[in-house]
Amino acid sequence: MTNQAFEKVRELMREMEAATAATPEAVEAFRIRYLGTKNVLKPLMGEMRNLTNEEKPAFGQLVNEAKDLAQAKFDALHAATQEQAGAGAGADLDLSAPAEPLPLGSRHPVALTMRRIVAIFERIGFTVAEGPEVEDDWHNFSAMNTPEDHPARDMQDTFYVGEGLPAGPPPPHGGAGAAMLLRTHTSPVQARTMESQQPPIRIIAPGRVYRNETISARSHAQFHQVEGLYVAEKVSFADMKATLLHFAREMYGDQTRIRLRPSYFPFTEPSAEMDIWWGLETEHDHRITKGTGWLEILGCGMVDPQVLSNCGIDPEKYTGYAFGMGIERQAMLLYNITDIRLLFENDVRFLRQFRSVL
Numbered sequence: 037m038t039n040q041a042f043e044k045v046r047e048l049m050r051e052m053e054a055a056t057a058a059t060p061e062a063v064e065a066f067r068i069r070y071l072g073t074k075n076v077l078k079p080l081m082g083e084m085r086n087l088t089n090e091e092k093p094a095f096g097q098l099v100n101e102a103k104d105l106a107q108a109k110f111d112a113l114h115a116a117t118q119e120q121a122g123a124g125a126g127a128d129l130d131l132s133a134p135a136e137p138l139p140l141g142s143r144h145p146v147a148l149t150m151r152r153i154v155a156i157f158e159r160i161g162f163t164v165a166e167g168p169e170v171e172d173d174w175h176n177f178s179a180m181n182t183p184e185d186h187p188a189r190d191m192q193d194t195f196y197v198g199e200g201l202p203a204g205p206p207p208p209h210g211g212a213g214a215a216m217l218l219r220t221h222t223s224p225v226q227a228r229t230m231e232s233q234q235p236p237i238r239i240i241a242p243g244r245v246y247r248n249e250t251i252s253a254r255s256h257a258q259f260h261q262v263e264g265l266y267v268a269e270k271v272s273f274a275d276m277k278a279t280l281l282h283f284a285r286e287m288y289g290d291q292t293r294i295r296l297r298p299s300y301f302p303f304t305e306p307s308a309e310m311d312i313w314w315g316l317e318t319e320h321d322h323r324i325t326k327g328t329g330w331l332e333i334l335g336c337g338m339v340d341p342q343v344l345s346n347c348g349i350d351p352e353k354y355t356g357y358a359f360g361m362g363i364e365r366q367a368m369l370l371y372n373i374t375d376i377r378l379l380f381e382n383d384v385r386f387l388r389q390f391r392s393v394l
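Residue numbers for the sequence shown follow the working numbering, beginning at 37 and rising by one.
Here it is, written out as structure tokens:
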């Protein structure tokens, strides 16, 4: 009986060694017979009860060798059939035929414009700063010196979310009970940066913003901004003008002319709007510049001392300038896009036009 048990295992091993399989179906049949849940090797362990204690270790080792052989043989047969299938498929290929062109995507014009603006400012020492799109009242309005009765705080201009809608003075520094909203500009990033680090600060803050406005060819309820901030000792209005002139010429050409017009923003004093000379050569030029030849592209000004104080920076020691621009506006100028809604509709016919733009 002992010799019969050992011989039965050896016979199965010889059978596995001699096995061949030319098709995946034959390989699967081999797997089921020798490695499946009801394989022929499993009952052999029952022979243990008929063996002496001295014979059991040798028999167990022989059964394990049979299991290892079954797995190795299956792996070899499977690999061989896979190679044959690959060789057969390759034989049908015409290697002289032209390859199928891969469909190429394209960058979105807003992303292209944002990357271009960021690159210009990074080359002169600005770093990118980011912040949350869902903001509290303090960072979005109060820190930026926006009066409590300012129209921008009204529900018709701001998307408020969750609880704590504006009803009375907001708690300082975004404390418990502060109204939460979708940020209306990227200025909160400036506030958070000034709260977390001391000057010198030189950042740009690109990102998506939201305003409760009627969607039309010229305005949208969501859009993108890039805002810049530079705070250090002895920063002047002339420094800001030189920086923005450099930006305009990098963005629109070496001969670009700019002008600064007095304006008002709660967080800067003095404030200005910057125009570039667009020209009056075509009917389109007359239309977008309203016949003046000048086109507004951004707002700017010296950071109000109260804003510096709100954020924990000594206004007696430091000064700074800030600026902000809409990225969609810049994209529409760069690529002659006449309707801002095209930038949000994901129309493939429109986006394909930017396939070759890096």
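We put the CB at the ideal spot given by N, CA and C, even for glycine. In this text, all values refer to a predicted model and were calculated from it rather than measured experimentally.
Annotation for Asp-311: the continuous beta strand (DSSP E) segment containing it runs 304-313. Assigned with DSSP and collapsed to three states, His-260 falls in strand. For Met-49, the closest C-alpha among the options Leu-80, Met-216, Arg-238 and Leu-217 is that of Leu-80. If you draw a straight line from the Cα of Glu-352 to the Cα of Phe-359, it comes to about 21 Å. Residue state for Arg-293 is assigned as coil, using DSSP reduced to three classes. Cys-347 has its alpha-carbon roughly 6 Å from the corresponding atom of Ala-227. Contact annotation, Glu-263 with Thr-222: C-beta distance approximately 5 Å; criterion of less than 8 Å satisfied. Here Phe-303 is not near Val-267, since their CB atoms are 7 Å or more apart.
Secondary structure of Tyr-354 (DSSP, three-state): coil. Counting the other CB atoms within 10 Å of its CB gives Val-271 a total of 16 or more, which places it among the buried residues. If you draw a straight line from the Cα of Ala-55 to the Cα of Lys-44, it is about 17 Å long. When beta bridges are read from the DSSP output, Tyr-196 appears opposite Leu-217.
Nearest C-alpha to Glu-166 among Ala-58, Val-99, Met-52 and His-260: His-260. The three-state secondary structure of Asp-321, taken from DSSP, is helix. Each of Thr-229, Thr-163 and Pro-60 was checked against the Cα of Met-180, and the nearest Cα belongs to Thr-229. Bounds of the alpha helix (DSSP H) holding Leu-71 are 60-71. Going by C-alpha positions, Ala-278 is about 20 Å away from Val-164. In the structure shown, Ser-255 falls within a coil segment according to DSSP collapsed to helix, strand and coil. Residue burial annotation: Asp-172 is buried, with at least 16 other C-beta atoms found within 10 angstroms of its C-beta. The Cβ atoms of Ile-294 and Ala-284 sit closer than 7 Å to each other.
Per DSSP, Asp-172 is one residue of the beta strand (DSSP E) stretching across 170-172. The DSSP-derived three-state label of Ile-363 is helix. For Met-287, the uninterrupted alpha helix (DSSP H) run begins and ends at 273-288, by DSSP. Per the C-alpha coordinates, the member of Arg-219, Ile-153 and Phe-162 positioned closest to Asn-176 is Arg-219. Cβ neighbours of Ile-363 within its own chain (closer than 8 Å, five residues either side excluded): Val-146, Thr-149, Met-150, Ile-153, Pro-242, Phe-259, His-260, Gln-261 and Val-262.
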